[in-house]
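Per the working numbering, residue 36 is the first one in the sequence shown, and the count goes up by one each step.
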Amino acid sequence: VSGYRWQCANCVAVYKLDQVRYTCPRCPRGDGRLSLLIDYSRVPGKPPAGDEFSMWRYADLLPAGRLARPSLPVGWTPLYRPERLAERLGIAELYVKNETVNPTGSLKDRASALVTAAALEAGERVVVTASTGNAAAALAAMSAASGLRCVVVVPAVTPVAKLRQIAAYGAHLVRVDGDYDTAVDLSRAAAERWGWYCRNTAVNPYTAEGKKTAALEIAEQLGWQAPDTVVVPAGDGNILTGLSRGFADAYALGWIERLPRLIGVQSAAAPALWLAWRTGRDSTAEARSTADSINVGRPQDQTRAVAAVRATGGAFILVSDAELAKAAAVLARETGVLAEPASAAPLAALPRLLAERIVDPLGQVVLVCTGRGLKTVAGPAEAIPAVEPTLEAVSARLAANGWRVP
Ligand SMILES: [Zn+2]
Numbered sequence: 036v037s038g039y040r041w042q043c044a045n046c047v048a049v050y051k052l053d054q055v056r057y058t059c060p061r062c063p064r065g066d067g068r069l070s071l072l073i074d075y076s077r078v079p080g081k082p083p084a085g086d087e088f089s090m091w092r093y094a095d096l097l098p099a100g101r102l103a104r105p106s107l108p109v110g111w112t113p114l115y116r117p118e119r120l121a122e123r124l125g126i127a128e129l130y131v132k133n134e135t136v137n138p139t140g141s142l143k144d145r146a147s148a149l150v151t152a153a154a155l156e157a158g159e160r161v162v163v164t165a166s167t168g169n170a171a172a173a174l175a176a177m178s179a180a181s182g183l184r185c186v187v188v189v190p191a192v193t194p195v196a197k198l199r200q201i202a203a204y205g206a207h208l209v210r211v212d213g214d215y216d217t218a219v220d221l222s223r224a225a226a227e228r229w230g231w232y233c234r235n236t237a238v239n240p241y242t243a244e245g246k247k248t249a250a251l252e253i254a255e256q257l258g259w260q261a262p263d264t265v266v267v268p269a270g271d272g273n274i275l276t277g278l279s280r281g282f283a284d285a286y287a288l289g290w291i292e293r294l295p296r297l298i299g300v301q302s303a304a305a306p307a308l309w310l311a312w313r314t315g316r317d318s319t320a321e322a323r324s325t326a327d328s329i330n331v332g333r334p335q336d337q338t339r340a341v342a343a344v345r346a347t348g349g350a351f352i353l354v355s356d357a358e359l360a361k362a363a364a365v366l367a368r369e370t371g372v373l374a375e376p377a378s379a380a381p382l383a384a385l386p387r388l389l390a391e392r393i394v395d396p397l398g399q400v401v402l403v404c405t406g407r408g409l410k411t412v413a414g415p416a417e418a419i420p421a422v423e424p425t426l427e428a429v430s431a432r433l434a435a436n437g438w439r440v441p
């Protein structure tokens, strides 16, 4: 496609789209992540106005999907104001970008849809990915919608509901005896041995470009305006990179007049990105968080993510696993959004971001809610007792919850 090139984020070497598959060949150890370089003079100067209400609304800014794409619609998720929560927190304009309503329940659908489009256009037959669960489910569903064979490699601790979801889409599920970082290495080795197309987050350059559509939607849904602050959960850092790419596109085209501050929230039990941000050096850390989606020891996109946060005057912040679980419960009870604990990270961090004046309560604040909680709440139904079909039993059940009805 003319007008589009890959550029290495480390050494700034430029490549044609079909010249490289994953990372920069000139940088050692595959460390050079590739970002899309767009000749904006070849892109329509006005924001999209058609009735395509999906991530493909921004097809002019995407490096794949013109010739082929998965038929399953992804994106154009709601951005809305959770008023009860905003009032209690004292924030003038609080928004939730509800990515849990994507087809497989997470923001990862955007990356997997664009990777699948690229795979289809290149004539690939088999796609493979490592994942903590959500990206795998997303790739499995996009493959199902497109007739591709899909292999996923997930860590041993992946929640049962995510495993069942992946298998339901017909993907070949490999649950590996190891962590996410192990799954990353194994999937990459399998892709090399058998010639499969590898979706691995950040290593595959289409992942961040797919995720950038969430930023374009946020800007458009605010009337082509950038919010003051966007807060997101961070594991690999690829969502931060993706959002920064989307806002950068909108800014370059004059669709928004400034860039929002990006804030990445990590679990204190898996703080590698936070560490990289604090020390200014690529970092690894032990990953022992129960929030599986952000339990990453060796973040795959740390250089770009940290740079994106720094460039916007943002920050990284840590919260405890207990705070994540509590925030997920609050989010469900006060907004009606059932998020997995990792996805409640922005809300968990908010009280401290306000107290430390990193976030201005008078500004526009967007919390990106990345993944659906149904995937992590699963357990045996017997854990919730069944009551007799009588009003007395109902009354007793409510009383056990602390609510006495007359
Ligand atoms: Zn390079």
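Glycine residues also receive a C-beta, built at the ideal position from the N, C-alpha and C atoms.
Excluding sequence positions up to five away, which residues of its chain have a Cβ less than 6 Å from the Cβ of residue i?
| i | result |
| --- | --- |
| G205 | A179 |
| L397 | A127 |
| K247 | G277, R280 and G281 |
| R119 | E369 |
| G349 | R296, L297 and I298 |
| R407 | T135 and G140 |
| A202 | L208 |
| G38 | D74 and R77 |
| W309 | Q301, F351 and L353 |
| R104 | A152 |
| I393 | A350 |
| V49 | R40 and Q42 |
Out of the options, which one is the CA nearest neighbour of residue i?
| i | options | result |
| --- | --- | --- |
| G67 | G140, Q335 and A202 | Q335 |
| V219 | P79, K143, A165 and A157 | A165 |
| K361 | A326, R333 and V344 | A326 |
| W259 | K81, D395 and Y39 | K81 |
| A374 | K132, Q42 and Y215 | K132 |
| M177 | V161, A191, L96 and I329 | V161 |
| A379 | A148, A390, D395 and D356 | D356 |
| A304 | A322, V266, R316 and V341 | A322 |
| V163 | G371, L129 and L183 | L183 |
| L288 | L251, L433, L257 and A175 | L251 |
| A383 | V266, T425, A421 and W231 | V266 |
| D284 | V47, Q42 and L72 | L72 |
| A226 | V211, L257, V187 and V195 | V187 |
| A343 | A311, T411 and Y115 | A311 |
| A157 | V55, L221 and V49 | V55 |
| P386 | G125, Y115 and G85 | G125 |
| V211 | D53, V192 and R116 | V192 |
| G315 | V341, I329 and A249 | V341 |
| L121 | P420, L389 and A435 | It should be pointed out that residue 121 corresponds to Ala in this sequence rather than to Leu. The option with the nearest alpha carbon to A121 is L389. |
What span of residues does the beta strand (DSSP E) with residue i cover, start to end?
| i | result |
| --- | --- |
| F351 | A350 to V354 |
| A165 | V161 to A165 |
| L102 | Run containing L102: none; DSSP gives neither H nor E here. |
| Y130 | E128 to N133 |
| T264 | T264 to P268 |
| I73 | L69 to I73 |
| K51 | V49 to K51 |
| L208 | H207 to V211 |
Tell me, please, which residues DSSP counts as bridged to residue i.
| i | result |
| --- | --- |
| C185 | V162 |
| I329 | The partner list for I329 (beta bridge, DSSP) is empty, contrary to what the question assumes. |
| N239 | T236 |
| Q256 | DSSP output for Q256 lists no bridge partner at all. |
| I393 | None, per the DSSP bridge assignment. |
| I298 | V266 and A350 |
| C43 | L69 |
| R407 | A374 |
| S141 | G406 |
| V401 | Y130 and V265 |
| Y115 | V131 |
| P190 | V211 |
Who are the Cβ neighbours of residue i in its own chain at under 7 Å, not counting the five residues just before and after it?
| i | result |
| --- | --- |
| F88 | W111 |
| K143 | N169, A170 and A173 |
| P83 | R92 and Y93 |
Within the same chain, show all residues whose beta-carbon is closer than 8 Å to that of residue i, passing over the 5 residues directly before and after it, in chain order.
| i | result |
| --- | --- |
| N45 | C59, C62, D66, G67, R68 and T338 |
| R223 | A165, C233, N235 and V238 |
| A307 | Q301, S318, T319, A320, A322, V331, G332, R333, P334 and Q337 |
Could you check where the alpha helix (DSSP H) with residue i kicks off and where it finishes?
| i | result |
| --- | --- |
| W309 | A307 to T314 |
| F88 | Premise fails: F88 is in no alpha helix (DSSP H) and is neither H nor E. |
| T217 | Y215 to W229 |
| L433 | L426 to A435 |
| T276 | N273 to A287 |
| K197 | V195 to A203 |
- Message: Three or more C-beta pairs under 8 Å: does that hold for the region 228 to 248 against the region 258 to 278?
- Response: As far as the Cβ criterion goes, the region 228 to 248 touches the region 258 to 278, which means the pair count is three or higher.
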